[in-house]
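S.K.: The following block contains the structure, expressed as structure tokens.
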Amino acid sequence: MKKLYILVILILSLGSCDVLDVSPQNDILADDAFKTKAGIEKGILGAYTSFQNLSYYGRSYLIFSDLSADNLDHPDDATALEYTQIDNNAILPENGSVDGIWSSAYAGINIANNVIARVPGMADMTPEEKNIALGELYFIRALNHFNLINYFGDAPIKVEPTIGTNGVNVPREPVSKVYEQIIADLQFAETHLNETNIKVRASKFAATALLARVYLYQGNYALAKAKATEVIDADYELIDYAAVFSDESAESIFEIDFTELNRNRIAEYNFPKTLNGRREVAPSSSIIDAYEEDDIRRDATIAYAGALPYPIKYDDLSKGADNVIILRLAEMYLIRAEAEANLEGDIDAIQADINIIRTRAGLENTDADNYDHLLLAIEQERRVEFAFEGHRWFDLVRTDRAIETLPNLESVDQTLFPIPLSEITTNQNPGMRQNNGY
102 MKKLYILVIL ILSLGSCDVL DVSPQNDILA DDAFKTKAGI EKGILGAYTS FQNLSYYGRS
162 YLIFSDLSAD NLDHPDDATA LEYTQIDNNA ILPENGSVDG IWSSAYAGIN IANNVIARVP
222 GMADMTPEEK NIALGELYFI RALNHFNLIN YFGDAPIKVE PTIGTNGVNV PREPVSKVYE
282 QIIADLQFAE THLNETNIKV RASKFAATAL LARVYLYQGN YALAKAKATE VIDADYELID
342 YAAVFSDESA ESIFEIDFTE LNRNRIAEYN FPKTLNGRRE VAPSSSIIDA YEEDDIRRDA
402 TIAYAGALPY PIKYDDLSKG ADNVIILRLA EMYLIRAEAE ANLEGDIDAI QADINIIRTR
462 AGLENTDADN YDHLLLAIEQ ERRVEFAFEG HRWFDLVRTD RAIETLPNLE SVDQTLFPIP
522 LSEITTNQNP GMRQNNGY
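Under our numbering, the first residue of the sequence shown is numbered 102, with each subsequent residue one higher.
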């Protein structure tokens, strides 16, 4: 495929540690840059760049969900102390990688907000073009807000540009209120974006698929089922499992673009040292044992260097140019199944959706035949289907199964990451409080 080279907009720097620290002169530079449709397009591309950050989808965000759960371990000979904290579920507020997740997400939100503020004034854009641009930016903003509440809980809602010190001291808002903003943004995006096969840009069905996930996490099962069905009925297909992780496959709905110039370091942290990786994480014995004997997903997910297992879904060690999948069709089947099970709906339909995924994996049909067993079967399928794709921690936390499942998790307080110390010390709003237990 022709890779999309995402441009970094210097006027909206992502390099600041303070997520809301944007120098005053940027206002003048941004006004100068966003004069035409071409400038808005560059701004949209720039809004995607925060997803590439190493603390975000470039490495840590993806890895931490499996490491804080039971899919990955931090080996004894690994050197990243921040990863030790994640593995032990004993995270310090000054953990730099956790700070990077927070700051990357808010930097992406701020870029999107700066571009959003200027779209209405573009004289050379039609109303339809403006709505498409806004839909893409709202999708980006929604995904960032959603990722923040999944790790941190209550979070500031940012829908206006932050320039200088204006808007720096903002309170955390309840998760329920953040969900309202996320859903509003995604509904606009779903309405105005096109149906496109460009997987590295937001599309109508990317918004629909993310809405399905959002509604599932929120516990709005009827809407989760409805949105997942819309995507299942669209033009995506389940393909050979190993082929899913090639760039922009037929199963992919939305993915983060990485190139040799804008690389990820996932393989570097996954691969053993004998293959020139760092092996900061390794598949746990628990995830290895979780695969049934004939499950073809195991060999497409875990390889061995001698006796050492390592993840291989993202395996471009030399260039780090493999895209990272955020949304794909298999998830929609399992969202629909889980939503139907929570609604205590049609058991045959729930089994059918599970079996579509199991058949692709080379397995026999599920033998789960009541709602409790079906929900556990779905949890198991999600674990092995999405291993090392950054789902496991969120699945256990949102279903209240984390403490029961993870032996080093003793308190519900540990199911949220700490708000970064840098945010606590710089944000002077009384509503910017630390999570319990930190």
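Positions of the beta carbon are idealized from the N, C-alpha and C atoms, including for glycine.
Predicted, not measured: the structure shown is a model, and the values here were computed from it.
Bridge partners for Ile-264 per DSSP, in chain order?
M.R.: In the sequence shown, the residue the question calls residue 264 occupies position 163. Note: Ile-264 sits in a beta bridge opposite Asn-267.
S.K.: Asp-167: which of Gln-515, Asn-214, Leu-497 sits nearest, CA to CA?
M.R.: As a working note, residue 167 is residue 66 in the sequence shown. Ranking the options by Cα distance to Asp-167, first place goes to Leu-497.
S.K.: Between the stretch 158-175 and the stretch 478-494, can you find at least three pairs of beta-carbon atoms closer than 8 angstroms?
M.R.: yes
S.K.: Over what stretch of residues does the beta strand (DSSP E) that includes Pro-412 continue unbroken?
M.R.: By 1-based counting over the sequence shown, the position of residue 412 is 311. Start and end: 409-412.
S.K.: According to DSSP, what are the bridge partners of Tyr-405?
M.R.: In the sequence shown, residue 405 corresponds to position 304, counting from 1. Tyr-405 is bridged to Pro-410.
S.K.: Taking Asp-286 as the reference, which of Ala-327, Glu-394, Arg-219, Ala-303 has the closest Cα?
M.R.: Within the sequence shown, the letter at position 185 stands for residue 286. Comparing Cα-Cα distances from Asp-286 to each of Ala-327, Glu-394, Arg-219, Ala-303, the minimum goes to Ala-303.
S.K.: Where do the N-terminal and C-terminal ends of the beta strand (DSSP E) with Ile-520 fall, by residue?
M.R.: As a first step, residue 520 must be located in the sequence shown, where it is residue number 419. Premise fails: Ile-520 is in no beta strand (DSSP E) and is neither H nor E.
S.K.: Whole angstroms are fine: how far does the CA of Ala-191 sit from the CA of Arg-499?
M.R.: One-based indexing of the sequence shown puts residue 499 at position 398. One-based indexing of the sequence shown puts residue 191 at position 90. Rounded to whole angstroms, Arg-499 to Ala-191 spans 20 angstroms at the Cα level.
S.K.: Where does Thr-309 land, buried or exposed, given buried means 16+ other C-beta within 10 angstroms?
M.R.: Locating residue 309 in the sequence shown gives position 208, where the first residue counts as 1. Its Cβ being crowded by 16 or more others within 10 Å, Thr-309 is buried.
S.K.: Rounded to whole angstroms, what's the CA-CA distance from Tyr-405 to Gly-265? Just pull it up for me.
M.R.: Translated into the one-based positions of the sequence shown, residue 405 becomes position 304. Translated into the one-based positions of the sequence shown, residue 265 becomes position 164. Their Cα atoms are separated by approximately 50 angstroms.
S.K.: How about the stretch 269-282 and the stretch 208-215: do they share at least three Cβ pairs that are nearer than 8 angstroms?
M.R.: no
S.K.: Going by C-alpha distance, which of Lys-143, Trp-203, Ala-224 is nearest Gly-254?
M.R.: Looking up residue 254 in the sequence shown gives position 153. Ranking Lys-143, Trp-203, Ala-224 by Cα distance to Gly-254 puts Trp-203 first.
S.K.: Provide the residue span of the alpha helix (DSSP H) that contains Leu-464, from first to last.
M.R.: Numbered from 1 along the sequence shown, position 363 holds the residue referred to as residue 464. Taken as a continuous stretch (DSSP letters only), Leu-464 belongs to no alpha helix (DSSP H), as it is neither H nor E.
S.K.: What number of angstroms, rounded off, separates the C-alpha of Tyr-280 from the C-alpha of Glu-230?
M.R.: Taking the sequence shown and counting its residues from 1, one reaches residue 280 at position 179. Taking the sequence shown and counting its residues from 1, one reaches residue 230 at position 129. Whole-angstrom Cα-Cα distance: 27 angstroms.
S.K.: Can you give me the C-alpha to C-alpha distance between Pro-194 and Ile-403, rounded to a whole angstrom?
M.R.: In the sequence shown, residue 194 corresponds to position 93, counting from 1. In the sequence shown, residue 403 corresponds to position 302, counting from 1. In a straight line, the C-alpha of Pro-194 is about 32 angstroms away from that of Ile-403.
S.K.: Mind reading off the beta-carbon distance from Pro-412 to Asn-365? Whole number of angstroms is fine, and I expect it under 8 angstroms.
M.R.: By 1-based counting over the sequence shown, the position of residue 412 is 311. By 1-based counting over the sequence shown, the position of residue 365 is 264. No, Pro-412 and Asn-365 are not in contact; Cβ-Cβ is about 13 angstroms, not under 8 angstroms.
S.K.: Could you give the DSSP three-state label for Glu-361: helix, strand or coil?
M.R.: Against the sequence shown, residue 361 aligns to sequence position 260. Three-state DSSP puts Glu-361 in coil, outside helix and strand.
S.K.: When the Cα atoms are used, what is the spatial distance from Thr-526 to Asn-196?
M.R.: Sequence index remark: in the sequence shown, residue 526 carries index 425 (1-based). Sequence index remark: in the sequence shown, residue 196 carries index 95 (1-based). The straight-line gap from Cα to Cα measures roughly 14 angstroms.
S.K.: Ignoring anything shorter than 3 residues or poking outside the stretch 210-288, list the beta strand (DSSP E) runs there in chain order.
M.R.: Runs found: none.
S.K.: Based on the DSSP secondary-structure assignment, which residues constitute the bridge partners of Ser-205?
M.R.: Numbered from 1 along the sequence shown, position 104 holds the residue referred to as residue 205. None; Ser-205 has no bridge partner.
S.K.: Output needed for Ser-47: all residues of its chain with C-beta closer than 6 angstroms, excluding positions within five of it in sequence on either side, in chain order.
M.R.: Residue 47 is absent from the structure shown; the chain starts at 102 and stops at 539.
S.K.: Since Met-248 and Tyr-162 are thought to touch, with beta carbons under 8 angstroms apart, how far apart are those beta carbons, to the nearest angstrom?
M.R.: Counted from its first residue, the sequence shown places residue 248 at position 147. Counted from its first residue, the sequence shown places residue 162 at position 61. It is Asn, not Met, that sits at residue 248 in the sequence shown. 7 angstroms between Cβ atoms; contact.
S.K.: Drop a sphere of 10 angstroms on the beta-carbon of Glu-524, count the other beta-carbons inside from all chains shown, and report buried for 16 or more, exposed for fewer.
M.R.: The count along the sequence shown starts at 1 and reaches residue 524 at position 423. By the neighbour-count rule (16 or more Cβ atoms within 10 Å), Glu-524 is buried.
S.K.: Expressed to the nearest angstrom, what Euclidean distance is found between the alpha-carbon atoms of Val-425 and Val-345?
M.R.: Within the sequence shown, the letter at position 324 stands for residue 425. Within the sequence shown, the letter at position 244 stands for residue 345. Their backbone Cα atoms lie some 11 angstroms apart in a straight line.
S.K.: Short of 8 angstroms in beta carbon distance, which residues of its chain neighbour Leu-435, apart from the five on each side in sequence? Order them along the chain.
M.R.: Within the sequence shown, numbered from 1, the residue matching residue 435 stands at position 334. For Leu-435, where only same-chain residues beyond five positions count, the Cβ hits under 8 angstroms are Asp-454, Ile-455, Ile-458, Ile-479, Glu-482, Arg-483, Glu-486.
S.K.: Assuming Val-382 contacts Tyr-184 (C-beta within less than 8 angstroms), just tell me the rounded distance between them.
M.R.: As a position in the sequence shown, residue 382 is number 281, starting the count at 1. As a position in the sequence shown, residue 184 is number 83, starting the count at 1. Right, the Cβ-Cβ distance comes to about 7 angstroms (below 8 angstroms), so this counts as a contact.
S.K.: Quick check on Lys-420: buried or exposed, where buried means 16 or more other Cβ atoms within 10 Å of its Cβ?
M.R.: Taking the first residue of the sequence shown as 1, we reach residue 420 at position 319. Looking at its Cβ environment, which holds fewer than 16 other Cβ atoms inside 10 Å, Lys-420 is exposed.
S.K.: Under 8 angstroms, do Leu-235 and Phe-289 count as touching if we go by C-beta distance?
M.R.: What you label residue 235 is simply residue 134 of the sequence shown in a count that begins at 1. What you label residue 289 is simply residue 188 of the sequence shown in a count that begins at 1. A contact, by the Cβ cut-off of 8 angstroms.
S.K.: Could you tell me the distance, in whole angstroms, from the CA atom of Ile-397 to the CA atom of Ser-385?
M.R.: Taking the first residue of the sequence shown as 1, we reach residue 397 at position 296. Taking the first residue of the sequence shown as 1, we reach residue 385 at position 284. Their backbone Cα atoms lie some 18 angstroms apart in a straight line.
S.K.: If contacts are defined as beta-carbon pairs under 8 angstroms, then Pro-410 and Ile-389 qualify, I think. What distance do you get, rounded to the angstrom?
M.R.: For this step, residue 410 is matched to residue 309 along the sequence shown. For this step, residue 389 is matched to residue 288 along the sequence shown. Their Cβ separation, rounded to whole angstroms, is 6 angstroms, which keeps Pro-410 and Ile-389 in contact under 8 angstroms.
S.K.: Give the straight-line distance between the Cα atoms of Asp-122 and Pro-521, rounded to the nearest whole angstrom.
M.R.: If you number the sequence shown from 1, residue 122 lands on position 21. If you number the sequence shown from 1, residue 521 lands on position 420. Per-residue confidence for Asp-122 stands at a pLDDT of 32, beneath the threshold of 50, marking its modelled position as unreliable; the derived number appears in the next sentence. Approximately 15 angstroms, taken between the alpha carbons.
S.K.: Please name the residue or residues paired with Arg-459 in a DSSP beta bridge.
M.R.: Within the sequence shown, the letter at position 358 stands for residue 459. Its beta-bridge partners do not exist; DSSP assigns none.
S.K.: Could you tell me the alpha carbon to alpha carbon distance between Ile-367 and Asp-334, rounded to whole angstroms?
M.R.: In the sequence shown, residue 367 corresponds to position 266, counting from 1. In the sequence shown, residue 334 corresponds to position 233, counting from 1. Computed Cα separation, rounded: 32 angstroms.
S.K.: Report the rounded CA-to-CA distance for Asp-505 versus Ser-387, giving the unit in angstroms.
M.R.: Your numbering for residue 505 matches position 404 in the sequence shown. Your numbering for residue 387 matches position 286 in the sequence shown. For the record, residue 505 in the displayed sequence is Glu; it is not Asp. Roughly 15 angstroms between the two C-alpha positions.
S.K.: Confirm, please, whether the CB-CB distance from Ala-462 to Leu-339 is below 8 angstroms.
M.R.: One-based indexing of the sequence shown puts residue 339 at position 238. One-based indexing of the sequence shown puts residue 462 at position 361. Not closer than 8 angstroms, so no.
S.K.: Please return the same chain residues whose Cβ sits closer than 7 angstroms to the Cβ of Phe-306, not counting the five positions on each side in sequence.
M.R.: The residue given as residue 306 occupies position 205 in the sequence shown. The residues are Glu-296, Val-332, Ala-335, Ile-354.
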